[in-house]
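**Q** Take this structure, written in structure tokens, and hold onto it; I'll ask about it next.
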Amino acid sequence: MKYFTLLILLLFVGCGGQVGVTGKVTFKEDGKPLTKGTVVFTKPLFMAGGVLNENGEYTLSSYKPGDGTQKGEYQVYITGAEEPSDKEGEMPKPLINEKFTSPETSGLKCTVSGATTFDITVEKVNSEQRTVNSGK
172 MKYFTLLILL
182 LFVGCGGQVG
192 VTGKVTFKED
202 GKPLTKGTVV
212 FTKPLFMAGG
222 VLNENGEYTL
232 SSYKPGDGTQ
242 KGEYQVYITG
252 AEEPSDKEGE
262 MPKPLINEKF
272 TSPETSGLKC
282 TVSGATTFDI
292 TVEKVNSEQR
302 TVNSGK
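So the number in the working numbering is just where the residue sits in the sequence shown, counting from 1, plus 171.
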């Protein structure tokens, strides 16, 4: 019974606590920062995210702002990287290639074992995607 209680306690507390993860997202084409969107780290039953600032930088948060994430291996993707539309009813224009917007297609993985800097390079949206997303 003593070991069962210890196991349950470890499950609630977690292994090793939170660690800081920061990084910067830039475009492959020109090295400029991506300034809109959220970087998301995901693994089974857990997710952490960080909003991009005007320099393309992010700091991961899980439970409260800037608290980092759990140790482990993550799939990484970016959401909300869009330019708002000027016209009512028009869809926002994507800023990055759609492959980076899903954990299954981004190809981005990060192992967090301590304080980590994870910089990301993305590609701009291509003309085919812009046409499909704008409905033309």
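Each residue gets a CB set at the ideal place from its N, CA and C atoms; glycine is no exception.
Can you name the start and end residues of the beta strand (DSSP E) that lysine 195 belongs to?
**A** 192-198
**Q** Does the distance from the C-beta atom of tyrosine 229 to that of glycine 237 stay below 8 Å?
**A** no
**Q** For lysine 280, which residues does DSSP report across the bridge?
**A** Gln246
**Q** Please determine, among Tyr245, Lys195, Asn226, Pro204, the residue with the shortest C-alpha to C-alpha distance to leucine 312.
**A** Outside the displayed span of the chain (172 to 307) sits residue 312, for which this structure offers no information.
**Q** For valine 283, which of Pro265, Gln241, Ile249 has the nearest alpha-carbon?
**A** Gln241
**Q** Would you kindly work out how many angstroms separate the C-alpha atoms of glycine 239 and alanine 219, rounded to a whole number?
**A** 8 Å
**Q** Under 8 Å between the Cβ atoms of isoleucine 291 and valine 196?
**A** yes
**Q** Measure the C-alpha to C-alpha separation of aspartate 257 and proline 263 and round it to an integer number of angstroms.
**A** 9 Å
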